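Going by the working numbering, the sequence shown opens with residue 135, and the numbers climb by one from there.
For each residue, glycine too, the CB sits at the ideal point set by N, CA and C.
Source: prediction; values computed, not measured.
For reference, the structure is listed below as structure tokens.
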Amino acid sequence: MNLHLGLVTGIVLLGLAAVVIGTRVPTAMARDLSERRFLRLIFVAALLLRCGLAVVTYIKFPYGYFAPDEAGTVQVAANYLYNTPSSPVAHGQGWMFFNIFVFRIFGIEPMLPRLWNCVVGACTPLLGYALAQEYGAVRGARWSAILIGFFPSVVLWSSLNLHDVDAYLVILLAFLLTIRLQDSPRWWRVVAVALTLSAMYLLRIFSDAALLVAVVCGLLVWQLRMPRRMVIRIAGLAGGAIVASIAGALVFPRAGQFIYGKSGLSRLADIRRSFASGARSAVDVDPGLQSLGGVLAFLPLALVDFLLRPFPWEKGSSLSALTRPEVILYYAILPLVAVGIVLGVRKAGVRTVPGLVFLAITGVGYALVVSNLGTIYRERGELLIVMFTFVGVAVDAIGTRLRTQRLGAGSPQTSNPAGGRGSGRRLTPDAGVDHIRS
């Protein structure tokens, strides 16, 4: 890798930005000195890991080896600069134009977008830590930061010239800003939320709509001052209405198919086939998404495919073999995610609404259209970084339970049989245990 002036200048500027972030952001996020040190350590370790991986893969592997999008983005950016530029398209093309911007200033240096993503990727565990605390985690928020900072696939996608990690940052930031807006509706917070939604509009075509709906739902529930029980009831009624509508469409198939076609949902079949085009790991290329009945019949299997595959026992390329240890770890984490969601809803209530709505929409949407295992493995990252924020809540609860049991087992207990002297004093199970912030 030759160090040209543009590359050196970009590295220096990114290094200065990393120093500012590493010194200022933890100070603003944590009052406790030990927590500040932890966040700084996480940021530095995550940054070094990503930079090391970005450089090693740049030297050892062809550009685009792990994701062909890399090479395509650089090629399109170079053509835009040196040939007649085509008319720009904003929706979903923001990362390509970011490459054009970087290359125009520093020259065609494919390493610079990677290093930018390394810095962005090192920031995501800090936001995940803050979001886990908002959901009710205290000590467990550290585990959310660790998972977001060092989960293998998250590290990989944030060390390449891809828009994935920038979308991760925008998603977490949007949820945090929505919570801040719920706490105090100030005009600059409204502007900040709008800017994050605009950034997602430029980055991802489907996720921008999911994030918009998630933020709007969170603000609507907060504005109506709905208690947790009311939110659960409304969610149940909405689910019942959806089930009733689907049942009506199945009872009257012609009307249902007419509405399905007019709403544009029949295009799901074409989108799914396009994802399978040229993919050696394609699964269920044409499961019958042309009709509403086909969608309903396929949805359970689609969710299993998207949330659980590639299975560890599945054969594949040498790259797919590298995913097996991570998938096993992912399976072990899923129960913590489920427990964390339940506890997070109980503790934080309205604060969890945007994250849960986003998980539901993106999970179902991607499950229906993504039809090859490589893309499943990559696109699931958007859900992972949100799921990991709930892990901290579960870890907190487990840690509190274990400490309570130890205190209960070690507390002195004296019986007071008939005729005995005095009454024994029993310590309460919660004695000496830190309370979890509600």
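Under DSSP, ALA164 shares a beta bridge with no residue.
DSSP lists ALA416 as the beta-bridge partner residues of ASN506. TRP250 sits buried, since 16 or more C-beta atoms from the chains shown fall within 10 Å of its C-beta. Distance between TYR197 and ASP203, taken at the CA atoms: about 10 angstroms.
Less than 7 angstroms separates the beta-carbon of ALA308 from that of VAL349. The beta carbon of VAL288 lies closer than 7 angstroms to those of ILE282, GLY515, LEU518, ILE519 in the same chain, with the five residues before and after it left out. If the five residues before and after ALA212 are omitted, its C-beta is found closer than 8 angstroms to the C-beta atoms of PHE237, ILE242, all from its own chain and listed in chain order. The DSSP-derived three-state label of GLU204 is helix. DSSP, reduced to helix, strand and coil, places THR330 within a helical segment of the structure shown. Annotated three-state conformation of PRO434 is helix, per DSSP.
Between THR330 and VAL299, the beta carbon gap of about 15 angstroms keeps them out of contact (Cβ cut-off 8 angstroms). Pairwise C-beta distances place the stretch 315–332 out of contact with the stretch 522–540, as fewer than three of them are shorter than 8 angstroms.
If you look at PHE340, you'll find it isn't in any alpha helix (DSSP H); DSSP assigns it neither H nor E. With contacts defined as CB atoms closer than 7 angstroms, ALA344 and PHE492 qualify as a contacting pair. Collapsing the DSSP output to three states places ARG514 in coil. Apart from the 5 residues on each side of it in sequence, ARG512 sits with its Cβ closer than 8 angstroms to the Cβ of ALA201, SER287, TRP291, ASP298 in its chain, given in chain order. Linking LYS449 to ALA455 through their CA atoms gives a straight-line distance of about 8 angstroms. In this model, LEU260 and PRO488 are separated by some 19 angstroms (Cα to Cα). Annotation: the continuous alpha helix (DSSP H) that includes LYS481 extends over 458–482. A direct Cα-Cα distance of roughly 30 angstroms separates LEU310 from VAL146. Considering only GLY206, SER341, PHE432, the residue with the shortest C-alpha distance to ILE495 is SER341. Counting other Cβ atoms within 10 Å of its Cβ, ALA256 reaches 16 or more and is therefore classed as buried. Non-local C-beta neighbours of LEU187 in its own chain, meaning closer than 6 angstroms and more than five positions away in sequence, comprise SER293, ordered along the chain.
Rounded to the nearest angstrom, the gap between the Cα atoms of ALA205 and LEU296 is 10 angstroms.
For VAL272, no alpha helix (DSSP H) segment is defined, and its DSSP state is neither H nor E. Secondary structure of LEU150 (DSSP, three-state): helix. The beta-carbon distance between GLY352 and PHE240, rounded to whole angstroms, is 39 angstroms. This is too long to meet the 8 angstroms contact definition. With at least 16 other beta carbons inside 10 angstroms of its own, ALA264 counts as buried. Distance check between ARG338 and each of THR312, LEU502, HIS225 places HIS225 closest, using alpha-carbon atoms only.
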